[in-house]
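Notes follow the structure.
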Amino acid sequence: MFQRREFLKAAGAGLMMSVLPNLSWALAPAGYKRLLVLVELKGGNDGLNTAVPYASADYYRLRPGIAIAREQVLQLNGEIGLHPSLAPLMPLWQDRQLALLQGVGYPDPNLSHFRSIEIWDTASASQQFLTEGWLTRLFREQPTPKHFAADGVVLSSQVLGPLDGGARAVVLSNPQDFARQAKLVADQQPGRAGSALEHILKVEGDIRQAAASLAPLPRTAPSEAPTAGPKPNGGFGVAVRTLTDTLARGVDIAVARITLTGFDTHGNQQPVQGRLLTELADGLAQLRAEMTRLGRWDDTLVLSYAEFGRRPRENGNRGTDHGTASVHFALGGRVNGGLYGKTPQLAGVSDGNLPHAIDFRQLYATAIDGWWGKDSHDVLGGRFAPLPLLRA
Amino acid sequence: MIKTIVLASALLGLPLTALADIGVDGARHLLLRTGFGANPAQIAALAPLSREAAVDRILAGVRNQPVTAPPGWANEPFERPGQPGLSEEQKKALQQERNQHAVELRSWWLTEMRDTPSPLTEKMTLFWHNHFVSALDKVRSPQMMYQQNLLLRHYALGDFGQLLHAVARDPAMMRYLDTANNRKEQPNENFAREVMELFTLGEGHYSEQDIREAARAFTGWGLDRDDQFIVRPRLRDTGEKTIFGQRGNFDGDDVIELLLQQPSTAVFVTNKLWRNFVSPTPDAATVNKLAADFRRGHYQLKPLMRAMLLTPQFWRSQGLLVKSPVELTVGTLVTFDLNPPDWRVIAGLNRQLGQDVFAPPNVKGWPGGEAWINSATLLSRKQFLDRVARDAAPARDAYAQADGSLNEMAGREARIRRFVSKGLSSMKLQPDEWAAIYGVKNGADAARLLLAVPPANPLPANASGAKAVAGLLLDPAYQVE
């Protein structure tokens, strides 16, 4: 079986782990120089119509109105294929730089958008209430170098998510605007303050530090524009372009989070999801092209996430209601492409929800231990097994 | 005189503070929390009153209709999102018209927020807009959003139970949360889930089973050809449902009554009001008492707000809330008597700052509080204030006299001359005129009128009122209320 082959292959990479149990492979020395890009699919993307189990009669039984027709699916093996809008990702798949993580979720899932994304952003257990983002905890315990412009940048969203609660985070819409406006932030001594004022003073401090790094580079000729290629379509592509422009300036950050909104498809799902997945796939292909041009694709790991997947059975409005586990993407120059986790088992499903095969905290452990060579134990409140997703 | 008051309060058993006037600080605080900004003239009117008298004056003036004339299209039949058989050109024209209507809709409400004689009404309407959320991008009809806005205003300080029933049948809401197509056999759970999680009970006070059963109860509710509420018996699931342990052939209204019977509904709503009007950290004992009275009093909002505004915690809460973008922008216009040349500028700025009215980010609305401020929004806020205050540079301090006071008469005359020559359209603050008209003699006066807490950056020594304004607007303390 495909899955088993993947596993055996991954076990080869895992050998090093058994020799050096805590050093997390040869990746460790680069640390936060390696970039993590988190892609939030806001609203809860429908995993079954993303990685389509097209060989399953149960899939077509549960979704008479919204199933992706077998002949449209981009077949990956005898069971699973991609939504046709994801065609721009096929070169990555063929180059084995795209991994599909099937059945990502957590025990005792919560179906509220707001509570569930809080669980993902704080890396808490279902019944545990934490106030800080998981990256905020990581960067407090194991800080990024002082010269970094920020711990992370946030694009296409005003919500800091995993960077909430104290990380040095900068919301980036346009680097030039940012540098110009930052002059309005006067130097002052952060001192006495109520909580609201204290927060404002802290943000002013973050701005001062980031502004120094994000100041526009003097350009000698227009041909030295940081990013080549045609203008991107859609907000996601623009955000990718802003990120790569920023990195092209030599700005150091550990994390970028980009949000793509609109996946809460209770009605008329097909055209909406198709458009969003097109935007996603185009933007990710563009990210790969730009990072390759900057010589940093091998130091880039992209992970997608969302609050939940959706119900296997469609509702009465050609849409889907909130569900549980879903498929997610991992891609990058060092990603070990292929299928991970478990293909959804739909036999016998009527109104139920899918169990998870991969705990989302395993992905975080993969990023912290495997990608950055840091220790995830305290950040995640326990030991979660990293996935064999990365090549040295 | 003072002796008499102390004696009277001792005799009547009243705390002394009940008789003391709220002063400039108290008046500014009450005005900012129950409205948008505070003009020195408004402050002066409330400052001599006691807490009770000031709160009662604000509540006595509460309206439930807007004073601003609506856009011309507002009462036309609802626009249909998907008309069949249109050419590409017609589709484009229709889209342009819809965008134009959306702009006019926002301008209308922002104007009302600035001009209303009842700012608390608009503050509450905005609160309900952020509680019973709908958004233009999904509803797609500016008329529906306008009608919903009138509905929220009508009940803004009225009966929460009636408001809840009305919202559930509101066409914009039915479209936004998919109630309009909820039918038996294949219920759509969207409304059933959000009415429990976000409108009434709050997370943790219901089960997934309650949601599924409630979704069945709302089946059959729909919109007719004219987008008006209708019950379609053939699409109704008439079977027995079990919700919160009670069994019956419930319909949508029954579910809402069941929700109103749950004690957590009153606590949830009271907590949210507290976080919006008092502080981000509700005092559990006080909230529970207010909520119990709220439920016993059949969900009347005006007495609840009165009681909340008269708690000692409210009067100690200066500076604990971050100004929302609308509070910052509209509030600054009110504070300095400014009239924007084009409301689209303010609407666009609010969007940039994260509070585009009629377009909350999702059904939970704007999270508010510290989330309003990040590196991008703080810079945009300061840029706006910098532009407003640009004329507040020291050189503009043209009406200062040798002793540091201001020539009020000259300032007033200059302002009148400018009004006559340019109309009431200036967005530029004239700090010297503002200071002159309102008798703002020095920096400390200006700080008391403009800030809820002392400035983070110390005022320059001996600054006149006019000179201090620009610095106070860019001070981090201006971001809180």
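Listed in order, the protein sequences are those of chains A and B. Residue numbering for the first sequence is 177 to 568, as defined by my numbering. Residue numbering for the second sequence is 1346 to 1826, as defined by my numbering. C-beta: ideal position from N, C-alpha, C; glycine also.
Simplified DSSP assignment, three categories, for residue i
i, result
"K359(A)", "helix"
"P564(A)", "coil"
"N1890(B)", "This structure leaves residue 1890(B) out entirely; chain B is present only between 1346 and 1826."
"R489(A)", "coil"
"T435(A)", "strand"
"L211(A)", "strand"
"G257(A)", "strand"
"K218(A)", "strand"
"L1769(B)", "With a pLDDT of only 42 at L1769(B), under 50, the local geometry of the prediction cannot be trusted, and the value read off the model is given with reservation. Residue state, collapsed to three classes: coil."
"R1696(B)", "helix"
"N1409(B)", "coil"
"R1689(B)", "helix"
"Q1531(B)", "strand"
"A430(A)", "coil"
"S302(A)", "coil"
"N1787(B)", "strand"
"E400(A)", "At E400(A) the pLDDT is 42, less than 50, meaning the model places this residue with poor confidence and gives no usable figure here."
"V1825(B)", "strand"
"S1552(B)", "coil"
Beta strand (DSSP E) segment containing residue i, residue limits
i, result
"S480(A)", "476–481"
"R313(A)", "Premise fails: R313(A) lies in the alpha helix (DSSP H), 310–317, not in any beta strand (DSSP E)."
"Y516(A)", "514–517"
"F505(A)", "502–508"
"V330(A)", "328–331"
"K1586(B)", "1586–1588"
"F1872(B)", "Nothing can be reported for residue 1872(B), as the shown portion of chain B is limited to 1346 through 1826."
"V1576(B)", "1574–1576"
"Q1591(B)", "1591–1593"
"V347(A)", "345–347"
Partners in chain A for residue i, counting only beta-carbon separations shorter than 9 Å
i, result
"D1523(B)", "H442, G443, N491, N493, G495"
"E1397(B)", "Near E1397(B) there are no residues of chain A at all, since even the closest Cβ is about 26 Å away, more than 9 Å."
Beta-carbon spacing of residue i, residue j below 8 Å
i, j, result
"E1715(B)", "A355(A)", "no"
"V1675(B)", "H1474(B)", "no"
"V1478(B)", "P1625(B)", "no"
"L1404(B)", "R1570(B)", "no"
"I1388(B)", "L1794(B)", "yes"
"P1821(B)", "I376(A)", "yes"
"Q507(A)", "L214(A)", "Note that residue 507(A) corresponds to Leu in the displayed sequence, not to Gln. No, the Cβ-Cβ distance between L507(A) and L214(A) is not below 8 Å."
"W1453(B)", "P1422(B)", "no"
"V1708(B)", "L1450(B)", "no"
"F1659(B)", "L1694(B)", "no"
Bounding residues of the alpha helix (DSSP H) (the contiguous stretch that carries residue i)
i, result
"L277(A)", "Segment 274–281 is the beta strand (DSSP E) holding L277(A); no alpha helix (DSSP H) there."
"I295(A)", "289–298"
"S1395(B)", "It is not in any alpha helix (DSSP H) - S1395(B) carries neither H nor E in the DSSP assignment."
"Q449(A)", "445–469"
"G1517(B)", "Residue identity check: residue 1517(B) is Ala in the sequence provided, not Gly. Note, A1517(B): alpha helix (DSSP H), 1516–1521."
"M1489(B)", "1487–1499"
"P1648(B)", "1646–1654"
"H323(A)", "It is not in any alpha helix (DSSP H) - H323(A) carries neither H nor E in the DSSP assignment."
"Y540(A)", "536–541"
For residue j and residue i, believed in contact at Cβ under 8 Å, the rounded distance
i, j, result
"L339(A)", "T312(A)", "6 Å"
"T422(A)", "P351(A)", "5 Å"
"R487(A)", "T496(A)", "5 Å"
"T1564(B)", "N1535(B)", "Between N1535(B) and T1564(B) the Cβ distance is about 13 Å, and since that is not below 8 Å, they are no contact."
"W1418(B)", "H1374(B)", "Between H1374(B) and W1418(B) the Cβ distance is about 40 Å, and since that is not below 8 Å, they are no contact."
"W1717(B)", "L1455(B)", "Rounded, the Cβ-Cβ distance is 17 Å, inconsistent with contact."
Proximal chain B residues relative to residue i, where beta-carbon distance stays under 7 Å
i, result
"D327(A)", "Per Cβ cutoff of 7 Å: no residues; D327(A) is ~12 Å from chain B at best."
"L287(A)", "E1553"
"R291(A)", "E1548"
"Q278(A)", "Within 7 Å Cβ-Cβ: nothing; Q278(A) doesn't reach chain B, min ~24 Å."
Chain-ordered neighbours of residue i on chain B, where CB pairs are closer than 8 Å
i, result
"D382(A)", "S1720"
"A358(A)", "L1724"
Closer than 8 Å at the beta carbon, the chain A residues around residue i
i, result
"K1709(B)", "H289, F290"
"A1806(B)", "Chain A residues near A1806(B): none, gap ~17 Å exceeds 8 Å."
"K1727(B)", "Q357, L360, V361"
Cross-chain neighbours of residue i in chain A, by beta carbon under 7 Å
i, result
"R1528(B)", "G492"
Contact set between residue i and chain B, taken where Cβ atoms lie within less than 9 Å
i, result
"F354(A)", "S1720, A1721, L1724"
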